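Visitor: Starting off with a structure, shown below.
Number of protein chains: 2
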Amino acid sequence: MPTALTKESEVDVLIIGAGPAGLMCGMALARAGVDVRIIDQRPARVSAGHADGIQPRIVEVFQSYGFADRLFQEAVQVHMAAFYNPGPNGGIERTGRAPDVTAPTARWAFEMALHQGGIEQIFLDSMASNGVEVERPIIPTAIELSGDEPTLQDPRSHPVKITLKHLEAPGGSLDTEIVHAKFLVGCDGAHSWVRRQFGITMEGEQTDYIWGVLDLIPDTDFPDIRNRCAVHSHNGSCMIIPREGDLVRLYIQLADKDVLDSKGRVDKSKMGAEKIMEVANKSLYPYKISTSHPIDWWTLYIIGQRVSNKYSVHERVLIAGDACHTHSPKAGQGMNASMNDTHNLAWKLAYVLRGWADISLLKTYELERRKYAQDLIDFDKKFAALFSGKPRTKDDGDGVSHEEFLEAFQTFGLFTSGIGVHYQPSVIVDDKYQSYASKLIIGQRVLPHMFIRAADSQPVQMHDLCPSDTRFKILVFTGNTTDMLQLKTVKGLADEMQKPEHFYRKFGHGNSSAVFEVLAISSADKMISNYTDVPPFFRSHWSKFLLDDTDMYNRTGGGGYDACGVDPHGAIVIVRPDGYVGTVAPLWDLGYLDNYFASFMTSSP
Amino acid sequence: MPTALTKESEVDVLIIGAGPAGLMCGMALARAGVDVRIIDQRPARVSAGHADGIQPRIVEVFQSYGFADRLFQEAVQVHMAAFYNPGPNGGIERTGRAPDVTAPTARWAFEMALHQGGIEQIFLDSMASNGVEVERPIIPTAIELSGDEPTLQDPRSHPVKITLKHLEAPGGSLDTEIVHAKFLVGCDGAHSWVRRQFGITMEGEQTDYIWGVLDLIPDTDFPDIRNRCAVHSHNGSCMIIPREGDLVRLYIQLADKDVLDSKGRVDKSKMGAEKIMEVANKSLYPYKISTSHPIDWWTLYIIGQRVSNKYSVHERVLIAGDACHTHSPKAGQGMNASMNDTHNLAWKLAYVLRGWADISLLKTYELERRKYAQDLIDFDKKFAALFSGKPRTKDDGDGVSHEEFLEAFQTFGLFTSGIGVHYQPSVIVDDKYQSYASKLIIGQRVLPHMFIRAADSQPVQMHDLCPSDTRFKILVFTGNTTDMLQLKTVKGLADEMQKPEHFYRKFGHGNSSAVFEVLAISSADKMISNYTDVPPFFRSHWSKFLLDDTDMYNRTGGGGYDACGVDPHGAIVIVRPDGYVGTVAPLWDLGYLDNYFASFMTSSP
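Residue numbers (the working numbering), protein chains in the order written: chain D, 1 to 605; chain B, 606 to 1210.
Written out as structure tokens, the structure reads:
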């Protein structure tokens, strides 16, 4: 028990676990100016191996925080997938190639890979610039959530009491600390301590598939070693994923007897890197693979596919990442889903803590992210079964044919890329007026598209106009502002939007431009449009008024109204702080938008 | 006179002057591992104003050194030009808009702008990473070039003796230093001390045009304030160039009487920033311009257009930048030409110092760069006359019409962008076999084009394959390597190229891959090509073998053989270390390439 001398303190958000989910959360909250601490039991970040697939959507998310450039510098890009199947001569042969990801609207339509430590470092660097560092090694030893209903509903209360133990402290009372937190986010992995303290259960079961994984610099005559490969052979399945530099990751299917001990648990002493290489060579025959370098990293695992039955306790203790869902790593989904969990959560926490939104906004976190995790599990089961199943051969007509595998690979491509994620209707997803911007799907992330700035014709990417800065983006598609009739409508709209009874000022908490970013996009011709034509409200800075036109060399831009399905007479598109389309409205129904924001935001005092 | 105690030292290259020309030189030589020192008389780099236009070619050059990203972060982009002329009501009106630069093949087809200090800092940061810093404030006080012909021909000799004075030294013998240099590069500006020591004269004369320049953050209703504007008014001419952030630069034409003293020299006391703003408002009427911020920088100048009669003394003392040519700043040319001078010179100096090339290679510096400077002067005269001349109006039919001005603006666009620079035939520019790659113009910079890597289908830009790393790039367009007959030719070529009698080993100085970078580009289809098909010589690393094909989403790449005019049966294209096409050869005439390199390179011992 802590003594009276035990250090006690308060914090708005305490994050337990500094893996990708915890770090995304810590980075986003630190950047939002939230009082946040993040602890981890490991003495240092991981240095090699572990999860590494980076899907197109998470690259977009990284870009929204301003550090996709780090990925482009450090990560490898994976563009092509190749498929190998048993050939006539006892070895494998290539049956086809295809794009590695199926995501036609992705801003970057390829997969990337970087070891987990590299990804963590990007977050650590960003957090450090906001003065937040991971405190480690620290473990939580006790947790208590208490308070009556009004207390739990009051975002200013500190109902979570956590006892922490500093593992490298000098001992005595100094090694123990009590923290009173407004919110606790458990990002403490598949064996989550936080989850177990609250009796949250994982649903689903382990499968029988056992895999060896190793990262190496290969010497090989295999012609697709720099592509993602799915290999079905007479001698088992394997998967190849290129890694940064000259590294390659191999996933090798193993037999139970080679890996499990008498109690059915993985016994690493039974199977080493060398044995895995032997199996790999059997699978890849007639090609050969070896290495003249030390093995970078290796492990064994059994695929577990589970999702927790809930994601939060009274919206005060929340869990994220592997703590609430685990997946087969072969589809490269686990880490991406984990980071997207806390990307979804962070702005909501910030809004509640600032007093801008009701605490019930946090219910949308579980609603949106648990559904996705369940879909992911369903996909994973199908994909893992297909991938681990026996290939169809002349002798075995019941096996998996190449066509079945390829179809699954491509059908689920949009889903695995993260691009197709679609959040269901809620207080923050309302699709009443979808038809006014028919291709900016409400509940999906906003499309990437190039526009040009009216004042200087510089091309700008719609995604870069919607950074993760916790502001709602009010994209006002104005129609053609060189049409005097339309311009009159636009001027009237500007006057109306600035009135105190409408959302911009009503929910602006005295500083509307900190809550809302207003951007106007006209369909006018760049050669005759003047940025000075539109009302100052739609060009609070000269860079905020855009045109749907090509750049001066017709290399990019144009066609945005069509690509977004926007009505020629305009529409207002509300992009959530996490980049998802929240709702759409016609220019003439500001009242609808007032109601949209009133459903979860608090009005200015 | 220095005493016996005066510090004396040797250096391979001493650069005098740390403006853009000197810094480009110092950066490139430091990166090439050359023993280099750079001195400047100013105590610190400039902090605001001065030259700032960055043309498309110099952006490509910056990219070749790996720091174009700094420009994209810090500089403003200028995409559109607008033209204003006298309107019917006594004020100006817009007569048209056009792309700001005419350079269809530019990798980035727009102008950029950044204050000179920002550009200098990019070089300073790069040099610092190679352990070289500008020594300042130091001035040269004496220079002597001595030695007989054999001494001057021997690149190991130190025939240049320079006496330096350290302005902030404690005094006495410590403030003086004698440096013996193999080469001296004078980048000491329009009033070059180096140039005058050797009696090199400037040709050309000053014109009568006098301009006021100021950088400010404007408050204005002028609709093209973020575009480059050429304004002819009833009340004089002015030019507007957007700057980084919200800054704008104004060039305002002034009358002699307002600026000159009784001796015809510029008298800054006669015309201040406020008076220039008054003139600007007259020119821009009916639009208004003012500022609520301090003026960032301002100056007055008379346009001088001159070029020196020679660029070197025995190829041991060389001058570059404003020291050998000065231009009207309105076309944004001076700084760009200066940096391109030393970009042209640096690799040649490195080759001579390494013993890889004969000292006569340095003659091509004057040959190539003086011709360009002369052409630039000719252009500048025409442009300045057009720009400073009276506009054509109803009352003055002899003035410059908008059509005349626009035509000049566009005709010279390719030239002012730096993209159209074409070096004449010399030992390093040989166009005998131009027809084998008819659109990679020998003597011009290599075209930008996207290819994909055969091993992983990742798109790569040809320019990024040709960095400024002092190596000659041997681009082997192999034809279709999935055609067995063609593959046989390619295998034969690989065998032949590695023989000691051919250039790759003959001029490789024991480490051919440090002198030559071999890249192979096949016209094979990505879906069936194996990178392992081609001989190892053409894939020394898996990333070095490329395909002329689209990426997996058909977003980029493909059509490269056509775009480069390459014969379907292949060609070898030699790209000089500075990115210019040196020569082209058919696959069957290696002997021609041996002769090309033999004409300026020394063979391995």
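Cβ coordinates follow ideal geometry from the N, Cα and C atoms, glycine included.
Just so it is clear, the structure is predicted and the values come from calculations on it, not from any experiment.
Taking 9 Å as the threshold (beta carbon to beta carbon), is TYR553(D) in contact with chain B?
Guide: For the purposes of this step, residue 553(D) is identified with residue 553 of the first sequence, where counting begins at 1. Judged by the 9 Å Cβ criterion, TYR553(D) is in contact with chain B.
Visitor: Count the other CB atoms, across all protein chains shown, that sit within 10 Å of the CB of HIS720(B); report buried if there are 16 or more and exposed otherwise.
Guide: Within the second sequence, residue 720(B) is the residue found at index 115, counting from 1. It is buried - the Cβ of HIS720(B) has at least 16 other Cβ atoms within 10 Å.
Visitor: Can you check which of these residues, HIS234(D), ASP246(D) and ARG226(D), is closest to ILE240(D) by C-alpha distance?
Guide: Along the first sequence, one-based indexing puts residue 240(D) at 240. Out of HIS234(D), ASP246(D) and ARG226(D), ARG226(D) has the C-alpha closest to the C-alpha of ILE240(D).
Visitor: Could you tell me whether any Cβ in chain D is nearer than 9 Å to the Cβ of ALA885(B)?
Guide: Counting from one through the second sequence, the residue named residue 885(B) turns up at place 280. No - not a single Cβ of chain D is within 9 Å of the one on ALA885(B).
Visitor: Can you tell me which of the three DSSP states VAL957(B) falls into?
Guide: If you number the second sequence from 1, residue 957(B) lands on position 352. The answer is helix: DSSP assigns VAL957(B) an H, G or I state.
Visitor: Considering only their Cβ atoms, is the gap separating ASP548(D) from TYR561(D) smaller than 9 Å?
Guide: Position 561 of the first sequence, counting from 1, holds the residue named residue 561(D). Position 548 of the first sequence, counting from 1, holds the residue named residue 548(D). Closer than 9 Å, so yes.
Visitor: Where does ASP495(D) fall in DSSP's three states?
Guide: Indexing the first sequence from 1 puts residue 495(D) at position 495. It is helical.
Visitor: Looking at chain B, which residues of the region 226 to 248 of chain D have a Cβ within less than 9 Å of any of its Cβ atoms?
Guide: Going along the region 226 to 248 of chain D in chain order, one finds ARG226, ASN227, PRO242 and ASP246 with a Cβ nearer than 9 Å to chain B.
Visitor: Taking only the alpha-carbon atoms, compute the straight-line gap between GLY1184(B) and HIS1174(B) and give it to the nearest angstrom.
Guide: Walking along the second sequence from the start, residue 1184(B) turns up at place 579. Walking along the second sequence from the start, residue 1174(B) turns up at place 569. Going by the C-alpha atoms only, they are around 24 Å apart.
Visitor: Touching or not, the region 402 to 419 of chain D and the region 34 to 45 of chain D, by the rule of three or more beta carbon pairs under 8 Å?
Guide: No contact exists between the region 402 to 419 of chain D and the region 34 to 45 of chain D.
Visitor: Only counting the same chain, and skipping five residues up and downstream in sequence, which positions put a Cβ closer than 7 Å to that of GLY752(B)?
Guide: Sequence index remark: in the second sequence, residue 752(B) carries index 147 (1-based). Within the same chain, GLY752(B) has close Cβ partners SER762 and PRO764.
Visitor: Checking the sheet assignment: what are the DSSP bridge partners for PHE1121(B)?
Guide: Numbered from 1 along the second sequence, position 516 holds the residue referred to as residue 1121(B). The partner list for PHE1121(B) (beta bridge, DSSP) reads PHE1077(B).
Visitor: Roughly how many whole angstroms lie between the Cα atoms of ILE663(B) and THR700(B)?
Guide: Here residue 663(B) refers to the residue found at position 58 of the second sequence. Here residue 700(B) refers to the residue found at position 95 of the second sequence. Roughly 30 Å separates the two Cα atoms.
Visitor: Taking 9 Å as the threshold (C-beta atoms), are ALA323(D) and SER192(D) in contact?
Guide: Looking up residue 192(D) in the first sequence gives position 192. Looking up residue 323(D) in the first sequence gives position 323. It is a contact, given that the beta carbons lie within the stated cut-off.
Visitor: Starting from CYS25(D) and walking both ways along the alpha helix (DSSP H), at which residues does that stretch end?
Guide: Numbered from its first residue, the first sequence carries residue 25(D) at position 25. From DSSP, the alpha helix (DSSP H) with CYS25(D) extends over 20 to 31.
Visitor: Can you list, in chain order, the residues of its chain whose CB lies under 6 Å from that of PHE503(D), leaving out five sequence neighbours each side?
Guide: As a working mapping, residue 503(D) is identified with position 503 in the first sequence. Taken in chain order, the residues that qualify are LEU593, ASP594 and PHE597.
Visitor: Name, please, each residue of chain D whose Cβ falls closer than 8 Å to the Cβ of GLN682(B).
Guide: To locate residue 682(B), count along the second sequence from 1; it is residue 77. Near GLN682(B) (Cβ distances below 8 Å), the residues of chain D are ASP456 and GLN458.
Visitor: Give the straight-line distance between the Cα atoms of ARG636(B) and TYR301(D), rounded to the nearest whole angstrom.
Guide: Translated into the one-based positions of the second sequence, residue 636(B) becomes position 31. Translated into the one-based positions of the first sequence, residue 301(D) becomes position 301. Each residue's alpha carbon lies about 47 Å from the other.
Visitor: Just to make sure I have the definition right: I need the residues of chain D whose C-beta is within less than 7 Å of the C-beta of ASP826(B). Which are they?
Guide: Residue 826(B) sits at position 221 when you count from the first residue of the second sequence. Simply THR532.
Visitor: Using 9 Å as the limit for Cβ to Cβ distance, is ILE452(D) near chain B?
Guide: One-based indexing of the first sequence puts residue 452(D) at position 452. With 9 Å as the cut-off, ILE452(D) counts as an interface residue toward chain B.
Visitor: Give me the Cβ distance between ILE924(B) and ALA885(B), rounded to the nearest whole Å; I'm assuming they're in contact under 8 Å.
Guide: Here residue 924(B) refers to the residue found at position 319 when the second sequence is read from its first residue. Here residue 885(B) refers to the residue found at position 280 when the second sequence is read from its first residue. Wrong, their Cβ atoms sit about 36 Å apart, outside the cutoff.
Visitor: Which term fits HIS1146(B), buried or exposed, when burial requires 16 or more other beta carbons within 10 angstroms of its beta carbon?
Guide: The count along the second sequence starts at 1 and reaches residue 1146(B) at position 541. Looking at its Cβ environment, which holds fewer than 16 other Cβ atoms inside 10 Å, HIS1146(B) is exposed.
Visitor: Any beta-carbon of chain D closer than 9 Å to the one on SER1153(B)?
Guide: For the purposes of this step, residue 1153(B) is taken as the residue at position 548 of the second sequence. Looking at the sequence shown, residue 1153(B) is not Ser but Asp. No, because no Cβ of chain D sits closer than 9 Å to the Cβ of ASP1153(B).
Visitor: Do three or more CB pairs link the region 1048 to 1068 of chain B to the region 728 to 744 of chain B at distances below 8 Å?
Guide: Verdict: no, contact absent.
Visitor: Restricting to Cα atoms, I'd like to know which of PRO56(D), LYS381(D) and ASP341(D) is closest to LEU367(D).
Guide: Residue 367(D) sits at position 367 when you count from the first residue of the first sequence. Among PRO56(D), LYS381(D) and ASP341(D), the Cα nearest to that of LEU367(D) is on ASP341(D).
Visitor: Return the chain-ordered ranges of every beta strand (DSSP E) run that is complete within the region 59 to 127 of chain D and spans a minimum of 3 residues.
Guide: Counting only runs of 3 or more, we get 76 to 78, 80 to 86, 92 to 99 and 111 to 113.
Visitor: Give the DSSP-derived three-state secondary structure of PHE503(D) in the structure shown.
Guide: Here residue 503(D) corresponds to residue number 503 of the first sequence, with the count starting at 1. PHE503(D): helix per DSSP, three-state reduction.
Visitor: For LEU1192(B), which option in LYS1131(B), LYS1111(B), TYR1038(B) and LYS1149(B) has the closest C-alpha, if you only look at C-alpha atoms?
Guide: Position 587 of the second sequence, counted from the start, is the residue given in the question as residue 1192(B). Here the closest residue by C-alpha is TYR1038(B).
Visitor: Taking any Cβ of chain B, which residues in the region 79 to 97 of chain D have a Cβ under 8 Å from it, in chain order?
Guide: Flagged, chain order: HIS79, MET80 and ARG97.
Visitor: Which complete alpha helix (DSSP H) runs does the region 789 to 829 of chain B hold, if anything under 4 residues is left out?
Guide: Fully enclosed alpha helix (DSSP H) runs of 4 or longer: 798 to 802.
Visitor: MET601(D) by DSSP, collapsed to three states: which one?
Guide: In the first sequence, the residue the question calls residue 601(D) occupies position 601. Three-state result, MET601(D): strand.
Visitor: Taking contact to mean at least 3 C-beta pairs separated by less than 8 Å, is the region 410 to 420 of chain D in contact with the region 87 to 106 of chain D?
Guide: Touching, yes.
Visitor: Express the C-alpha separation of GLY22(D) and GLY304(D) in angstroms, rounding to a whole number.
Guide: Locating residue 304(D) in the first sequence gives position 304, counting from the first residue. Locating residue 22(D) in the first sequence gives position 22, counting from the first residue. Each residue's Cα considered, the two are about 21 Å apart.
Visitor: For LEU1080(B), does the count of other Cβ atoms within 10 angstroms reach 16, so buried, or fall short, so exposed?
Guide: Here residue 1080(B) corresponds to residue number 475 of the second sequence, with the count starting at 1. Under this definition LEU1080(B) is a buried residue.
Visitor: Bridge partners of LEU164(D), per DSSP?
Guide: Position 164 of the first sequence holds residue 164(D). Answer is PRO140(D) and GLU177(D).
Visitor: Is the number of C-beta pairs between the region 886 to 893 of chain B and the region 690 to 704 of chain B that are closer than 8 Å three or more?
Guide: With a cut-off of 8 Å, the region 690 to 704 of chain B and the region 886 to 893 of chain B count as touching, because enough Cβ pairs lie within range.
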